[in-house]
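Novice:
Residue numbers (this note's numbering): 271 to 421.
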């Protein structure tokens with residue numbers, strides 16, 4: 271899935287969200303989503319956004335982006351506060367920089383301003399971003415028998 275991150279300035283215009291359904295097919299397909307996600311500082315300014323491939327992880331509490339996505343947004347990693355990152359078993363896996371706020375958009379859903387997005391080294395993720403429950407909780411989302419969409 272693609273992700274867009276946008277540095278927070280003003281909220282984007284509200285628009286209705288579409289419902290997505292999945293149909294089973296015998297045709298093999300690329301597991302990556304076709305619509306890129308966006309991350310950035312201002313959702314209305316294309317120059318302050320970065321598009322990347324992301325994985326939606328319902329087990330992740332916080333959204334994470336790779337350092338190269340943060341660099342594309344001109345974020346100064348040395349000036350950001352660091353947060354303690356824990357793995358699924360609760361063990362500390364490291365301290366990483368985190369933004370104070372960032373807009374994230376994953377089609378077909380709207381943009382959401384997240385209070386904190388963790389920035390991890392480029393070789394840490396298989397995707398350029400992992401979208402966690404902090405983003406998903408901004409919407410009414412249901413995952414049923416392989417179908418993913420808004421309720």
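Idealized CB from N, CA, C, for every residue including glycine.
Quick caveat, the model's predicted, so the values are computed rather than measured.
Classify residue 402 as buried or exposed, calling it buried when 16 or more other Cβ atoms lie within 10 Å of its own Cβ.
Specialist: Classification of residue 402: buried, given that the 10 Å Cβ count is 16 or more.
Novice: So which of 342, 395 and 329 has the shortest CA-CA distance to residue 319?
Specialist: Of 342, 395 and 329, the residue nearest in Cα terms is 342.
Novice: In whole angstroms, what is the alpha-carbon distance linking residue 384 and residue 399?
Specialist: Whole-angstrom Cα-Cα distance: 14 Å.
Novice: If you pair each beta-carbon of the segment 404-413 with each one of the segment 361-369, do three or more pairs fall below 8 Å?
Specialist: Short answer: they don't touch.
Novice: Do the segment 337-357 and the segment 367-379 meet, that is, are 3 or more Cβ pairs less than 8 Å apart?
Specialist: Yes: the two stretches touch, three or more of their Cβ pairs being nearer than 8 Å.
Novice: Kindly indicate the opening and closing residues of the alpha helix (DSSP H) around residue 339.
Specialist: Looking at the DSSP string, the run of the alpha helix (DSSP H) that includes residue 339 is 337-342.
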